[in-house]
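Only one structure is covered here, and it is reproduced in the block below.
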């Protein structure tokens, strides 16, 4: 699973003339689900999105507050093109989870995020629709995230899995709940690994 | 080097009350330079940004036209936060090239892009300034690119280097010039590899 996370002053989604949703200060998350993603990837993403320290505190110290710390909003939009594999200059999307599977999975990720935070502060686009996503990137500040269990070098994968298992053993609560435990949990979380999905098929899927 | 490429209906950059630049239809590129990047990474990025087929043709066929094919615009903004490494939930930026080195390098990348395309169609932000980047993501369509020579698994790196060398041998012209050769070159370009930069230091760098 891949996410492009943009810190925003505001953001909104329109479909045709209709505004589907909008947020003020917070994060605009474009989320790309791969064919190989599982609940574990979803939990990682929800935890990271909600806990990433991309905001400054009252004294102006950067990188100290999360979207949750600041009671800010999240606009999450499904974005299968993040699972693009280039064949020369042509993108293909067979690494993306097919829409009929991705839609319920994506909805469950949104639900997880709402449960772990505040339902009214987590907004959505319109899955599968042709959207205009209006993003006022603040800084700009943009971060890419790839869930550790995405297909990558087997050796690296094994290492990441072990880290993940170790981490899970040290956690008393579930991962979305532990997202709310700030401070003590932080030092034990391993650095996020970013890696690429690979594949070899071509697709004509529409945005 | 990492880029987040968003297909846009329009995009602009403001610093305070002043609009620094704006484009209509085209690509908004957020570009993150790492400490290890060289001219080779720059050439790869310029070639890919200009030749990526993210637009539809006149008949509505998706993924068939590049920004150059459509005579469209590029808004490129420097974005060191793409070189973020997470320490738990805290981003640190020691993998990003320091600003005093990144600025001339970034400027040279813009110049390369302008030479390879049309200078008046390649716009810029304001390096190092606190900007608001207004992005109307069209679709949405977002693609992440990582230059093949970014630090990654050594085995994979060796493979990529060989592919790159092979590719360079087959090219008569320089890489930015070959960006204009559509069709015949496409099938010979290797798939872009996406991989993560690693590091172990912490930074308080501002956006």
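Protein chains in written order, with full-length UniProt numbering: chain Y, 1 to 207; chain L, 1 to 207. Positions of the beta carbon are idealized from the N, C-alpha and C atoms, including for glycine.
Notebook entry, point to check: Just curious, the beta strand (DSSP E) that residue 11 of chain Y is in, first and last residue?
Noted result: 2-15
Item checked: Unbroken beta strand (DSSP E) run spanning residue 21 of chain L, endpoints -> 18-23
Checklist line | Positions along the segment 116-142 of chain Y whose CB lies within less than 7 Å of some CB in chain L | finding: Here the close residues are 130, 131, 132, 133, 134, 135, 136, 137, 138, 139, 140, 141 and 142.
Next item on the list: Using only alpha-carbon positions, find the residue among L/40, L/136, L/69 and L/85 that is nearest to residue 54 of chain L.
Entry: L/69
Next item on the list: Inspect the CB distances between the segment 32-39 of chain L and the segment 90-97 of chain L and report whether three or more fall short of 8 Å.
Entry: yes
Notebook entry, point to check: Which of the three DSSP states, helix, strand or coil, is assigned to residue 137 of chain L?
Noted result: strand
Check: What's the C-alpha gap between residue 124 of chain L and residue 92 of chain L?
Finding: 25 Å
Check: Using 8 Å as the limit for Cβ to Cβ distance, is residue 107 of chain Y near chain L?
Finding: no
Check: What's the C-alpha gap between residue 2 of chain Y and residue 140 of chain Y?
Finding: Residue 2 of chain Y and residue 140 of chain Y have their C-alpha atoms roughly 19 Å apart.
Next item on the list: Apply the 10 Å Cβ neighbour rule to residue 39 of chain Y and answer buried if 16 or more other Cβ atoms are within range, or exposed otherwise.
Entry: exposed
Next item on the list: For residue 89 of chain Y, count neighbouring C-beta atoms within 10 Å of its own C-beta (all shown protein chains included) and say buried if the count is 16 or more, exposed if not.
Entry: buried
Item checked: Sufficient close CB pairs (3 or more, under 8 Å) joining the segment 58-68 of chain L to the segment 10-19 of chain L -> Result no; under three Cβ-Cβ pairs closer than 8 Å.
Next item on the list: Examine chain Y for any beta-carbon lying closer than 8 Å to the beta-carbon of residue 66 of chain L, and answer yes or no.
Entry: yes
Check: At a Cβ cut of 8 Å, what residues of the segment 72-85 of chain L count as close to chain Y, listed as they run along the chain?
Finding: If the cut-off is 8 Å between Cβ atoms, the segment 72-85 of chain L has 77, 79, 81, 82, 84 and 85 near chain Y.
Next item on the list: Kindly say whether residue 98 of chain L, judged by its beta-carbon, lies nearer than 8 Å to any beta-carbon of chain Y.
Entry: Not closer than 8 Å to any Cβ of chain Y, the Cβ of residue 98 of chain L fails to qualify, so no.
Next item on the list: Out of L/28, L/83 and L/109, point me to the one whose CA is closest to residue 133 of chain Y's CA.
Entry: L/28
Note to self: Output needed in chain order: residues of the segment 29-47 of chain L with a Cβ under 9 Å from some Cβ in chain Y.
What the structure shows: 30, 32 and 47
Next item on the list: Please confirm if residue 52 of chain L has its CB atom under 8 Å from at least one CB of chain Y.
Entry: yes
Notebook entry, point to check: Which residues mark the beginning and the end of the alpha helix (DSSP H) in which residue 48 of chain Y is found?
Noted result: Start and end: 39-51.
Next item on the list: Would you kindly check if the distance between the Cβ of residue 67 of chain Y and the Cβ of residue 116 of chain Y is under 8 Å?
Entry: no
Next item on the list: Helix, strand or coil for residue 58 of chain Y, going by three-state DSSP, please let me know.
Entry: coil
Notebook entry, point to check: Once you ignore the five residues that flank residue 135 of chain Y on each side, which residues in its own chain have a CB closer than 8 Å to its CB?
Noted result: 6, 8, 11 and 28
Margin query: Cutting at 6 Å between CB atoms, please list the residues of its own chain near residue 37 of chain Y, excluding the five before and the five after it.
Written below: These residues qualify, in order along the chain: 1.
Next item on the list: At 8 Å on the CB atoms, spell out the chain Y contacts of residue 2 of chain L, in chain order.
Entry: 144
Next item on the list: Tell me whether residue 109 of chain L sits in a helix, a strand or coil according to DSSP, three-state version.
Entry: helix
Next item on the list: Would you verify that the beta carbon of residue 91 of chain Y is, or is not, closer than 8 Å to some beta carbon of chain L?
Entry: yes
Notebook entry, point to check: Using the C-alpha atoms, what's the distance from residue 44 of chain L back to residue 147 of chain L?
Noted result: Taking the straight line joining both Cα atoms gives about 6 Å.
Check: What do you get for residue 130 of chain Y, buried or exposed, if any count of 16 or more other CB atoms within 10 angstroms of its CB means buried?
Finding: exposed
Notebook entry, point to check: Quick one: what does DSSP say residue 78 of chain Y is sitting in, helix, strand or coil?
Noted result: strand
Note to self: Would residue 76 of chain L and residue 110 of chain L be called neighbours here (beta carbons separated by less than 8 Å)?
What the structure shows: yes
Note to self: Please state the DSSP three-state secondary structure of residue 34 of chain Y.
What the structure shows: strand
Check: Three-state secondary structure (DSSP) at residue 72 of chain Y?
Finding: coil
Note to self: Just to confirm the assignment, what range does the beta strand (DSSP E) spanning residue 86 of chain L have?
What the structure shows: 85-87
Notebook entry, point to check: Thinking C-alpha only, which one of L/73, L/42 and L/25 is nearest residue 138 of chain L?
Noted result: Answer by Cα proximity: L/25.
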